[in-house]
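Quick note, the sequence shown lines up with residues 6 to 135 if you use our numbering. Reading through the structure tokens given below for one structure.
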Amino acid sequence: MSKSETFAKFDNGQFVIPNCKREFGDIPWTKHPKFEGVELNHLVTAQDTDGQFSYDLVQIAPNKSIKNHTHEKQLETHQVVGGSETCINAGTRIEYETGIISIMPAGIEHAVTAGADGLYLFAKFFSASC
6 MSKSETFAKF DNGQFVIPNC KREFGDIPWT KHPKFEGVEL NHLVTAQDTD
56 GQFSYDLVQI APNKSIKNHT HEKQLETHQV VGGSETCINA GTRIEYETGI
106 ISIMPAGIEH AVTAGADGLY LFAKFFSASC
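Rendered as structure tokens:
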């Protein structure tokens, strides 16, 4: 799966706060523990923010899905940075393409499916997911 040009730029990005700077390229990709074909790059973790928020890059392989699930205590946002297909957010189908931002409040069921070119998301969690 090739990365979109915008998504690939995150590999050269940095997380910067007072007294801390982290190169995104130094952060390893990990397989999602539940969903086949989904990889995560934990850019900003709960440890970085005292549990206030976390940021992840998410790669979903072509025609793979993050199945229906709920975060009971976290608001989640998706910013689509490459690829396309759909998100089901609180029962509503949203067409995902570069530039779309979607918000899933805590307790709302949601699922995401990638199209033939895969899907690349910048996901943010408030409070932190990891």
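Yeah, the Cβ is synthetic: ideal placement off N, Cα and C, and Gly gets one too.
C-alpha distance - residue i paired with residue j, whole-angstrom precision
i       : j       : result
Gly-123 : His-47  : 19 Å
Thr-82  : Ile-93  : 13 Å
Glu-102 : Val-117 : 12 Å
Ile-65  : Leu-45  : 9 Å
Gln-19  : Ala-111 : 28 Å
Lys-14  : Thr-97  : 31 Å
Pro-67  : Thr-91  : 12 Å
Val-86  : Ile-105 : 8 Å
Glu-28  : Phe-40  : 26 Å
Asn-17  : Lys-129 : 19 Å
CA nearest to the CA of residue i, picked from the options
i       : options                             : result
Lys-78  : Pro-33, Gln-19, Ile-105 and Glu-114 : Glu-114
Ile-32  : Gly-42, Phe-40 and Asp-61           : Asp-61
Pro-38  : Phe-29, Lys-72 and Cys-25           : Lys-72
Gln-52  : Trp-34, Cys-25 and Asn-68           : Cys-25
Val-43  : Glu-28, Lys-69 and His-76           : Lys-69
Ala-133 : His-76, Tyr-125 and Gln-84          : His-76
8 Å contact criterion, which residue i and residue j should meet: CB distance rounded
i       : j      : result
Phe-131 : Phe-58 : 5 Å
Ser-107 : Ile-99 : 6 Å
*3 or more residues per run - each beta strand (DSSP E) lying fully within the segment 43–123*: Taken in chain order, the unbroken stretches of beta strand (DSSP E) that lie wholly in the segment 43–123 and span 3 residues or more are 43–49, 58–65, 70–74, 80–94, 97–102 and 106–109.
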